[in-house]
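Undergrad: Sharing a structure here in structure tokens format.
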Amino acid sequence: MKIGYTRDANDQEDLGTLLESVASAGYDGYKLQPGQYEQWLDDPDGFVRTYGERSRIVSALLLNGPLDAERIDLLRSAMQFIRAVGGKRVVYCYEAEPQSLTPIDLRVFGHQLSTLGHEACDHGLALSIHNHYGFPTMYRKNLRVLFEAIDDESVWWTLDTGHLYKAGEMNIASHIREFRYMIDNVLLLDYGRGQFRSLGQGEVPFEPVFGALREVNYNGWITVHDEGSLPLDEALAHGLEFVSGGLQRPQAAEAQQAEARRR
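Residue numbering for the sequence shown follows this note's numbering, beginning at 274 and increasing consecutively.
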């Protein structure tokens, strides 16, 4: 299992310093937000020249938008960019009004994604769909239709805990169990009292989330989404502690149960 980090783009924050801090803190990768790579999309060599060794921590990027012809071209450019800088994943957030889509529309979308996912695989990359509040992928019923239409091992799922919870899909552990074969990245984000919050400060039930990840023997990425309320160094340390603590708590509980059975 690898632990990644992502932080919303901030005009006041130097990306080079951010990347260096993420690597120094002990994370395995960093997911670029759109505002952190868009100016370099057609010049990945320039990105590497500018950030040097610090660019090595980049493992993924996020792309948003409707899946129209222009966005498909951007997705292909994003694949070329992330491959050139040494990353392995493009996370795509599909923007569309959920009320306007029929199951047929979702299946068509799934077939389109599969084509792009196969292209990503051919280049040694993963294309991962992200569930986002306000868009079709926020509901379990839509995820079922979409995943049934996607070719096996062509497109994956970045499960975002905060956006699922905000959408009313509060039993996140059951999503992990049902869609375990689709998940390649779990994005940890907390939510409560009407806004996204620092991990552990909201209402998302993380203990059953970590328990479900252990139950299904999850071995993909866990990415800490920093919503920006803490200073960078503090947020980096808190994220690692939260993940390591969450993964260890189920182990401790299982050990206690095993000991009780032996008695």
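Ideal Cβ positions, reconstructed from N, Cα and C, are used throughout, including at glycine.
Is it buried or exposed for glutamate 442, if we count other Cβ within 10 angstroms and need 16 for buried?
TA: Looking at its Cβ environment, which holds 16 or more other Cβ atoms inside 10 Å, glutamate 442 is buried.
Undergrad: Please classify threonine 279 as buried or exposed, where buried requires at least 16 other C-beta atoms within 10 Å of its C-beta.
TA: Buried, by the Cβ-count rule.
Undergrad: When the distance is taken between beta carbons, is proline 317 closer than 8 Å to leucine 336?
TA: Their beta carbons are not under 8 Å apart, which means leucine 336 does not touch proline 317 by this criterion.
Undergrad: Comparing C-alpha positions only, which one of Val381, Tyr310 and Pro376 sits nearest to valine 241?
TA: This structure cannot speak to residue 241, because the chain is shown only from 274 to 536.
Undergrad: Measuring alpha carbon to alpha carbon, tell me which of His511, Leu314, Thr496 and Asp424 ends up nearest glycine 473.
TA: Answer by Cα proximity: His511.
Undergrad: Pick out whichever of Tyr365, Val516, Asn490 and Pro478 has its Cα sitting closest to the Cα of histidine 498.
TA: With distances taken between Cα atoms, histidine 498 lies closest to Val516.
Undergrad: Please state whether DSSP places threonine 214 in a helix, a strand or coil.
TA: This structure cannot settle anything about residue 214, because the visible part of the chain is limited to 274 through 536.
Undergrad: Rounded to whole angstroms, what is the Cα-Cα separation between leucine 292 and leucine 379?
TA: The straight-line gap from Cα to Cα measures roughly 36 Å.
Undergrad: Please return the same chain residues whose Cβ sits closer than 6 Å to the Cβ of isoleucine 276, not counting the five positions on each side in sequence.
TA: Hits under 6 Å: Tyr300, Asp301, Ile495 and Val516.
Undergrad: Have a look at phenylalanine 320 and tyrosine 303 and give me their C-alpha separation to the nearest angstrom.
TA: Using only the alpha carbons, I get a separation of about 15 Å.
Undergrad: Taking the beta carbon of methionine 274 as the centre, do at least 16 other beta carbons fall within 10 Å, making it buried, or is it exposed?
TA: That one is exposed.
Undergrad: Since leucine 334 and valine 364 should fall inside the 8 Å C-beta cutoff, what is the C-beta to C-beta distance between them, to a whole number of angstroms?
TA: Indeed, because the Cβ distance is near 7 Å, the residues count as touching under 8 Å.
Undergrad: Quick check on DSSP: helix, strand or coil for lysine 361?
TA: Three-state result, lysine 361: coil.
Undergrad: What is the residue span of the beta strand (DSSP E) that histidine 405 lies within?
TA: No beta strand (DSSP E) holds histidine 405; DSSP gives it neither H nor E.
Undergrad: Taking the C-alpha atoms as reference points, what is the distance between glutamate 368 and leucine 419?
TA: Rounded to the nearest angstrom, the two C-alpha atoms are 14 Å apart.
Undergrad: Which of helix, strand or coil does DSSP assign to histidine 384?
TA: Correct three-state label for histidine 384: helix.
Undergrad: May I have the straight-line CA-CA distance separating glycine 501 from glutamate 392, to the nearest angstrom?
TA: Approximately 34 Å, taken between the alpha carbons.
Undergrad: Only counting the same chain, and skipping five residues up and downstream in sequence, which positions put a Cβ closer than 6 Å to that of arginine 534?
TA: Reliability fails at arginine 534, whose pLDDT of 48 lies under 50, so the model's placement of it is uncertain and the value that follows must be treated cautiously. Here the set comprises nothing.
Undergrad: Could you work out which residue in Tyr491, His405 and Trp429 is closest to tyrosine 464 when comparing CA atoms only?
TA: For tyrosine 464, the nearest C-alpha among the options comes from His405.
Undergrad: Measuring CA to CA, which of Tyr438, Glu514, Gln312 and Asp346 is closest to tyrosine 555?
TA: Since the first and last residues shown for the chain are 274 and 536, residue 555 lies out of range.
Undergrad: Is it true that the CB of serine 401 sits closer than 8 Å to the CB of asparagine 458?
TA: The answer is yes: Cβ separation under 8 Å.
Undergrad: Three-state secondary structure (DSSP) at leucine 291?
TA: In this structure, leucine 291 counts as helix in the three-state DSSP scheme.
Undergrad: Report the residue ranges of all beta strand (DSSP E) runs contained in full by the region 319–359; include only those spanning at least 3 residues, in chain order.
TA: Listed in chain order, they are 331–338.
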